[in-house]
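Asker: If you read the sequence shown in our numbering, its first letter stands for residue 6, the second for the next number, and so on.
Here you go, one structure.
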Amino acid sequence: MKYPWVVIGGGPAGILSVAKLLDTGITGILWIDEKFNVGRIGEYYKNVPSNDTVKDWIDMLNSYQCLRTFSESLGGKYGLETSQPLGVIYHIFANITEYLQKQVKFQKGYVKELKYERNQWYINIKNQHRIDKGDKIILATGSHPIELNYQTQLYNSQTIPLDLAIDERKLSDYVDTSDTVAVIGSGQSAVLLLKYLTDLKVGHIINLHKITLEETVNSLKALTKKWALSFLASKNKNSILRVSNSSVNREKWLPQCTKIIYAVGFERNPLPKIRGTPIDLEANDGILGQNLFGVGIAFPATEKDRDGHIIKLVGFTSFTRFLQEHFETWLQI
Numbered sequence: 006m007k008y009p010w011v012v013i014g015g016g017p018a019g020i021l022s023v024a025k026l027l028d029t030g031i032t033g034i035l036w037i038d039e040k041f042n043v044g045r046i047g048e049y050y051k052n053v054p055s056n057d058t059v060k061d062w063i064d065m066l067n068s069y070q071c072l073r074t075f076s077e078s079l080g081g082k083y084g085l086e087t088s089q090p091l092g093v094i095y096h097i098f099a100n101i102t103e104y105l106q107k108q109v110k111f112q113k114g115y116v117k118e119l120k121y122e123r124n125q126w127y128i129n130i131k132n133q134h135r136i137d138k139g140d141k142i143i144l145a146t147g148s149h150p151i152e153l154n155y156q157t158q159l160y161n162s163q164t165i166p167l168d169l170a171i172d173e174r175k176l177s178d179y180v181d182t183s184d185t186v187a188v189i190g191s192g193q194s195a196v197l198l199l200k201y202l203t204d205l206k207v208g209h210i211i212n213l214h215k216i217t218l219e220e221t222v223n224s225l226k227a228l229t230k231k232w233a234l235s236f237l238a239s240k241n242k243n244s245i246l247r248v249s250n251s252s253v254n255r256e257k258w259l260p261q262c263t264k265i266i267y268a269v270g271f272e273r274n275p276l277p278k279i280r281g282t283p284i285d286l287e288a289n290d291g292i293l294g295q296n297l298f299g300v301g302i303a304f305p306a307t308e309k310d311r312d313g314h315i316i317k318l319v320g321f322t323s324f325t326r327f328l329q330e331h332f333e334t335w336l337q338i
């Protein structure tokens, strides 16, 4: 079959893209994802504290005419200025997914190839003999944590994947008071891990970082920022050794660590093989190629923070703003 629009990805960016299409009055949408379980949030991050407030979530949902009814349960149940675990918004997104699936054609599967030919896209889904066609495609294919290789096998240390470590309940199964844990990174996830490890009273914590402590705090949000500020003012701040992430320091300190966690950001998930048109995966307007668009954490907008560092604008509010800024242009192409 042929569809005017195809959305690939069932995480928050994919959900919001489908909602945006419906708000525009577009019908005949094909929506493809392997699981339709709200991306990595549904699989790993439900217990992770959100960087957004409840008000941010309500404003985000109210930006879409077809999603406004889903915001009603939030305001009465939670304080507007509070930050809740991502599991709260996960359940709302899961309900939205079920609602949207009734409005569009949805297909479970993994898109292995996209081919642009004769002004249309041919969509090859793994283990499906039928080839669907689409006029325009939105990729909302998500990202995964970057994992470096600091030769931890030479130090006899265990790497704890960020997907597990970022959930404090799961992390508690991997560390104890006898451990010396290295956290590699300087951003939101890294500082959240420092909080977890402090609360879990692990033996020693070493944070290998790339930016100063002041720059780190300036980049933080919500619970993580509040903890960092109080921690800096406390007498317990010496329980964490912070050292520059240099080869000299790695050779000095990593051999002393029993566990290591990489919290150095995310990289986009593998994309389908794309043929038939040049592509620009770093396009600031989300126009990746001929009638091919990207949104979400795999294709984020960027800006400079107050310290001059380039930061990626990720999160539900950022995805919504990105769609508001660029979607009309996508329609007109």
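Beta carbons are placed, not taken as given, at the ideal position from N, Cα and C, and that holds for glycine.
Considering only DSSP beta bridges, list what D140 is partnered with.
Answerer: Reading the sequence shown from its first residue, position 135 is the one you call residue 140. Answer is none; D140 lacks a bridge partner.
Asker: Judging by CA-CA distance, which residue of I101, Y267, N42 is the nearest neighbour of V109?
Answerer: Taking the first residue of the sequence shown as 1, we reach residue 109 at position 104. If we check each option's Cα against that of V109, I101 comes out closest.
Asker: According to DSSP, which residues form a beta bridge with H214?
Answerer: The sequence position of residue 214 within the sequence shown is 209, counting from 1. H214 pairs with S249.
Asker: Going straight from the alpha carbon of D285 to that of Y201, what length do you get?
Answerer: Your numbering for residue 285 matches position 280 in the sequence shown. Your numbering for residue 201 matches position 196 in the sequence shown. For D285 and Y201, the distance between alpha carbons rounds to 39 angstroms.
Asker: What are the boundary residues of the beta strand (DSSP E) that includes A187?
Answerer: Stepping through the sequence shown from its first residue, residue 187 is reached at position 182. Looking at the DSSP string, the run of the beta strand (DSSP E) that includes A187 is 185-189.
Asker: Along the alpha helix (DSSP H) that carries R326, what are the first and last residues, could you check?
Answerer: Locating residue 326 in the sequence shown gives position 321, where the first residue counts as 1. Taken as a continuous stretch (DSSP letters only), the alpha helix (DSSP H) holding R326 covers 321-337.
Asker: Count the other CB atoms, across all protein chains shown, that sit within 10 Å of the CB of D137; report buried if there are 16 or more and exposed otherwise.
Answerer: Counting from 1 along the sequence shown, the entry for residue 137 is found at position 132. It is buried - the Cβ of D137 has at least 16 other Cβ atoms within 10 Å.
Asker: Leaving out the 5 sequence neighbours to the left and right, which residues in its chain are closer than 8 angstroms to Y8 when beta-carbon positions are compared?
Answerer: Indexing the sequence shown from 1 puts residue 8 at position 3. Taken in chain order, the residues that qualify are G33, I34, L35, K110, D137, K138, G139, D140.
Asker: Between L120 and R280, which are expected to be in contact by the criterion C-beta below 8 angstroms, what is the C-beta distance as a whole number of angstroms?
Answerer: On the sequence shown, residue 120 is found 115 positions in, with the first residue counted as 1. On the sequence shown, residue 280 is found 275 positions in, with the first residue counted as 1. According to the sequence provided, residue 120 is Lys. The question's Leu does not apply to it. The Cβ separation is near 5 angstroms, so the contact holds.
Asker: Taking DSSP as the reference, what is the three-state secondary structure of K278?
Answerer: Numbered from its first residue, the sequence shown carries residue 278 at position 273. Strand.
Asker: Identify which residue in T182, S249, A233, S183 has its Cα closest to the Cα of N212.
Answerer: Here residue 212 corresponds to residue number 207 of the sequence shown, with the count starting at 1. For N212, the nearest C-alpha among the options comes from S249.
Asker: Roughly how many whole angstroms lie between the Cα atoms of T58 and S78?
Answerer: The residue you call residue 58 lines up with position 53 of the sequence shown. The residue you call residue 78 lines up with position 73 of the sequence shown. For T58 and S78, the distance between alpha carbons rounds to 15 angstroms.
Asker: According to the Cβ coordinates, are G80 and I97 closer than 8 angstroms?
Answerer: Along the sequence shown, one-based indexing puts residue 80 at 75. Along the sequence shown, one-based indexing puts residue 97 at 92. Contact flag unset, no.
Asker: Kindly confirm or deny that the segment 155-173 and the segment 282-302 touch, where touching means at least three C-beta pairs closer than 8 angstroms.
Answerer: Output reads no: the segment 282-302 does not touch the segment 155-173.
Asker: Which partner residues does K120 have in the DSSP bridge list?
Answerer: The sequence position of residue 120 within the sequence shown is 115, counting from 1. Paired residues: Y127, R280.
Asker: Please determine, among A268, T203, I94, E330, the residue with the shortest C-alpha to C-alpha distance to K354.
Answerer: Absent from the structure is residue 354, since the part of the chain shown begins at 6 and ends at 338.
Asker: Taking the alpha-carbon positions, what's the G190 to M65 distance?
Answerer: On the sequence shown, residue 190 is found 185 positions in, with the first residue counted as 1. On the sequence shown, residue 65 is found 60 positions in, with the first residue counted as 1. If you take the alpha carbons of G190 and M65, they lie about 29 angstroms apart.
Asker: If you run the structure through DSSP and keep just helix, strand and coil, what is Y69?
Answerer: Position 64 of the sequence shown, counted from the start, is the residue given in the question as residue 69. Note: Y69 maps to coil in three-state DSSP.
Asker: Determine the extent of the alpha helix (DSSP H) in which G294 is found, giving its start and end residues.
Answerer: The residue given as residue 294 occupies position 289 in the sequence shown. G294 -> not in any alpha helix (DSSP H); beta strand (DSSP E) instead, spanning 292-294.
Asker: Is the segment 317-329 close to the segment 17-33, with three or more CB pairs under 8 angstroms?
Answerer: Yes: the two stretches touch, three or more of their Cβ pairs being nearer than 8 angstroms.
Asker: Using 8 angstroms as the threshold, is the C-beta distance between S148 and R273 below it?
Answerer: As a position in the sequence shown, residue 148 is number 143, starting the count at 1. As a position in the sequence shown, residue 273 is number 268, starting the count at 1. Contact flag set, yes.
Asker: Can you tell me whether DSSP reads T146 as helix, strand or coil?
Answerer: Reading the sequence shown from its first residue, position 141 is the one you call residue 146. It is coil, neither helix nor strand.
Asker: Taking Cβ to Cβ, would you say S68 is nearer than 8 angstroms to L91?
Answerer: Position 63 of the sequence shown, counted from the start, is the residue given in the question as residue 68. Position 86 of the sequence shown, counted from the start, is the residue given in the question as residue 91. For S68 and L91, no; Cβs fall outside 8 angstroms.
Asker: Would you report the Cα separation of D38 and G301, rounded to the nearest angstrom?
Answerer: In the sequence shown, residue 38 corresponds to position 33, counting from 1. In the sequence shown, residue 301 corresponds to position 296, counting from 1. In a straight line, the C-alpha of D38 is about 15 angstroms away from that of G301.
Asker: For D61, count neighbouring C-beta atoms within 10 Å of its own C-beta (all shown protein chains included) and say buried if the count is 16 or more, exposed if not.
Answerer: Looking up residue 61 in the sequence shown gives position 56. D61 is buried by the Cβ-count criterion.
Asker: Mind reading off the beta-carbon distance from G163 to K264? Whole number of angstroms is fine, and I expect it under 8 angstroms.
Answerer: In the sequence shown, residue 163 corresponds to position 158, counting from 1. In the sequence shown, residue 264 corresponds to position 259, counting from 1. Gly is not the amino acid found at residue 163; the sequence shown has Gln there. At roughly 5 angstroms, the Cβ-Cβ gap stays under 8 angstroms, so Q163 and K264 are in contact.
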